[in-house]
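S.K.: Have a look at this one.
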Amino acid sequence: MKSIYAVIFSLLALGSFAQTRTTIANGNATNPFTWDCTCVPTSGNDIVINHQLTLDVDFAYTSGSVTVNASGALLGNSPNRILAVGGGAFHNYGNVNIANMYQNGGTFMNHATMTITNAFGVDLTAVTSNMGTFTVSDSLYINSSATFSNTGTLNAVVTASAGTLTTTGSFTGTDLWTTGTVNHNSGSFSIANIYNSGTLTTQAPMIVSNDFWNAENVDINHDLIISHSLYNGDTTGGGATFNNDGLVSITQDFVNSKTVSGTGRFCIGQGTTNSGSINGTLDICDQTGGSIDLNSGTVAGTVTFCATSCNVGVEETSSNEVHIVPNPFNDVFEIRSEQSMNYQLTVVNAIGQQVLSMNYNGNVIRLDASTLSSGMYFYRLVSNRELVSSGKLIKR
Numbered sequence: 003m004k005s006i007y008a009v010i011f012s013l014l015a016l017g018s019f020a021q022t023r024t025t026i027a028n029g030n031a032t033n034p035f036t037w038d039c040t041c042v043p044t045s046g047n048d049i050v051i052n053h054q055l056t057l058d059v060d061f062a063y064t065s066g067s068v069t070v071n072a073s074g075a076l077l078g079n080s081p082n083r084i085l086a087v088g089g090g091a092f093h094n095y096g097n098v099n100i101a102n103m104y105q106n107g108g109t110f111m112n113h114a115t116m117t118i119t120n121a122f123g124v125d126l127t128a129v130t131s132n133m134g135t136f137t138v139s140d141s142l143y144i145n146s147s148a149t150f151s152n153t154g155t156l157n158a159v160v161t162a163s164a165g166t167l168t169t170t171g172s173f174t175g176t177d178l179w180t181t182g183t184v185n186h187n188s189g190s191f192s193i194a195n196i197y198n199s200g201t202l203t204t205q206a207p208m209i210v211s212n213d214f215w216n217a218e219n220v221d222i223n224h225d226l227i228i229s230h231s232l233y234n235g236d237t238t239g240g241g242a243t244f245n246n247d248g249l250v251s252i253t254q255d256f257v258n259s260k261t262v263s264g265t266g267r268f269c270i271g272q273g274t275t276n277s278g279s280i281n282g283t284l285d286i287c288d289q290t291g292g293s294i295d296l297n298s299g300t301v302a303g304t305v306t307f308c309a310t311s312c313n314v315g316v317e318e319t320s321s322n323e324v325h326i327v328p329n330p331f332n333d334v335f336e337i338r339s340e341q342s343m344n345y346q347l348t349v350v351n352a353i354g355q356q357v358l359s360m361n362y363n364g365n366v367i368r369l370d371a372s373t374l375s376s377g378m379y380f381y382r383l384v385s386n387r388e389l390v391s392s393g394k395l396i397k398r
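Each number in the numbering used here comes from the position in the sequence shown (counting from 1) with 2 added on.
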């Protein structure tokens, strides 16, 4: 893919002066009558899109800018169409839908709606900023030294990052592969699988609907729900450190062959295996027996076992206890809380897609889930910007 982008950049000449080219009608990008200049814009121009513009040719630029205004749309007409940004600026305030985009320089900001039906790549020292809704239907690539900053809504089926991904908005996806840095500072984060060989830090709740694999550094400072298993270790001989200063709820198994530390809690639904070291003032509660099932490693004397009881997959951050009745359910279930408050409820499916978002006031709400497919879901209940409860839902 990169070789294709390189050829595009080599074929487009830099413009000597930044001239503004503005759409005057809907049409193809290569049609001169679409533009106020009765010409076809080139790299180096400041391109302003106020209409529905069909990108009917691969395009790349290293200077100038592209601005899609609120009334505008930039739509690719081919499943292989490419837009490459090597410098200058790209701002979207309207609607962009293109198969492939690549950025290795300049300023790239999405303020509205952007859909990439194949792949989006960030390279070199480029910074991509999303403040709107950004959907990557296949793969998001963040190369080393590159940065993707998300303060809006980001959905990428597969994210492969050797650079830096920072999110304070909403992030959903299926697989996250990282050898770089991931910072989940606030907002929501729902993913099916995490494979970490870099540094991952959380300051807000995170939901992993399948497995979490760590081979490098993880620092948990809030709630982490893992609906299958957590594996902490490195088969290549390196170190793997999992620091937990929050609450980690694991529905299935916990396996450690390197280092686990922290001041937080582990709630484990099935087996616990340790062949590494467990340090700090952690409280570990194995629901099948309390302590570690198979231990051939070391456990510090400051580590406790089930000092605080836990309900795997559900954590209340205050005395406001929450119950889901029934769970599993068929078509209807209730959320019952001890306190009557203003609540914000979010439900996502097993791959992190939002299926329900609503506000309500009271201490009981009855929900009709008859339109949902059978399977596993996850909910978050928030009040006054504080997490009240989060956990797993099972639709029969």
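All C-beta atoms in this analysis are idealised placements derived from N, C-alpha and C, irrespective of residue type, glycine included.
#1: Can you tell me whether T204 is helix, strand or coil according to DSSP?
#2: With a cut-off of 8 Å, do at least 3 Cβ pairs link the stretch 291-310 to the stretch 363-377?
#3: What is the DSSP secondary structure of T36, reduced to helix, strand or coil?
#4: By the 10 Å Cβ neighbour count, where 16 or more other Cβ atoms means buried, how is E422 classified, buried or exposed?
#5: Per DSSP, what kind of secondary structure is T319 in: helix, strand or coil?
#6: Return the residue from the list N132, L167, T168 that minimises the CA-CA distance to T155.
#7: Would you mind working out which of A158, N185, N386, V87 sits nearest T117, comparing C-alpha positions?
#8: Quick check on Q355: buried or exposed, where buried means 16 or more other Cβ atoms within 10 Å of its Cβ?
#9: Exposed or buried, which one is T204 when buried takes at least 16 other CB atoms within 10 Å?
#10: Using the Cβ count rule (16 or more neighbours within 10 Å means buried), how would you classify G393?
#11: Please return the same chain residues whose Cβ sits closer than 6 Å to the Cβ of G107, not counting the five positions on each side in sequence.
#12: In whole angstroms, what is the alpha-carbon distance linking S211 and T109?
#13: Go through its chain and collect everything with a Cβ distance to T32's Cβ below 8 Å, but skip five positions before and after it.
#14: For the structure I just gave you, are there three or more beta carbon pairs, one from the stretch 269-282 and one from the stretch 296-306, closer than 8 Å?
#15: According to DSSP, is E218 helix, strand or coil?
#16: Under DSSP, the beta strand (DSSP E) around I144 begins and ends at which residues?
#17: Can you look up G165 in the DSSP assignment and give me helix, strand or coil?
#18: How big is the Cα-Cα spacing for S229 and I396?
#19: If distances are taken between C-alpha atoms only, which option among F191, D221, S342 comes closest to F244?
#20: Could you tell me the alpha carbon to alpha carbon distance between V350 and N47, rounded to whole angstroms?
#21: Using alpha carbons as the reference points, say which of A194, P207, T181, L202 lies closest to S188.
#22: Where does D247 fall in DSSP's three states?
#23: Go to V327, then tell me how far its beta strand (DSSP E) extends in each direction, as first and last residue.
#24: Excluding the 5 residues preceding and the 5 following A114 in the sequence, name in chain order all residues of the same chain whose CB lies nearer than 6 Å to its CB.
#25: Considering only DSSP beta bridges, list what S277 is partnered with.
#26: Residues in the same chain with beta-carbon distance under 8 Å from T36, minus the five sequence neighbours each way, listed in chain order, please.
#27: Does the distance from the C-beta atom of L389 to that of L347 stay below 7 Å?
#28: Spatial neighbours of H325 within its chain, please: CB distance less than 7 Å, with the 5 preceding and 5 following residues excluded, ordered by chain position.
#29: How many angstroms separate the CA atom of G165 from the CA atom of V124?
#30: My guess is that S80 and A101 are in contact by the Cβ rule of under 8 Å, so how many angstroms apart are they, rounded?
#31: Would V50 be called buried (16 or more neighbouring beta carbons within 10 Å of its own) or exposed?
#32: Going along the chain, which residues of its own chain have a beta-carbon closer than 6 Å to the beta-carbon of M360, five neighbours each way excluded?
#33: Please state the DSSP three-state secondary structure of D295.
#34: Does the Cβ of D255 have 16 or more other Cβ atoms within 10 Å, making it buried, or fewer, making it exposed?
#35: Roughly how far, in whole angstroms, is the beta-carbon of G235 from the beta-carbon of S259, given that I think they are within contact range, below 8 Å?
M.R.: In short:
#1: strand
#2: no
#3: helix
#4: Since the first residue shown for the chain is 3 and the last is 398, residue 422 is missing from the structure and cannot be characterised.
#5: Its pLDDT being 44, under 50, T319 is placed unreliably by the model, and nothing is read from it.
#6: N132
#7: A158
#8: exposed
#9: buried
#10: buried
#11: G88, G89, A128
#12: 34 Å
#13: V42, D58, V59
#14: yes
#15: coil
#16: 135-144
#17: coil
#18: 12 Å
#19: D221
#20: 43 Å
#21: P207
#22: coil
#23: 324-327
#24: N94, Y95, G96, G134
#25: S277 pairs with nothing; no bridge assigned.
#26: T25, I26, A27, N28, G29, N30, H53, L55
#27: no
#28: R338
#29: 9 Å
#30: 7 Å
#31: buried
#32: L347
#33: coil
#34: buried
#35: 4 Å
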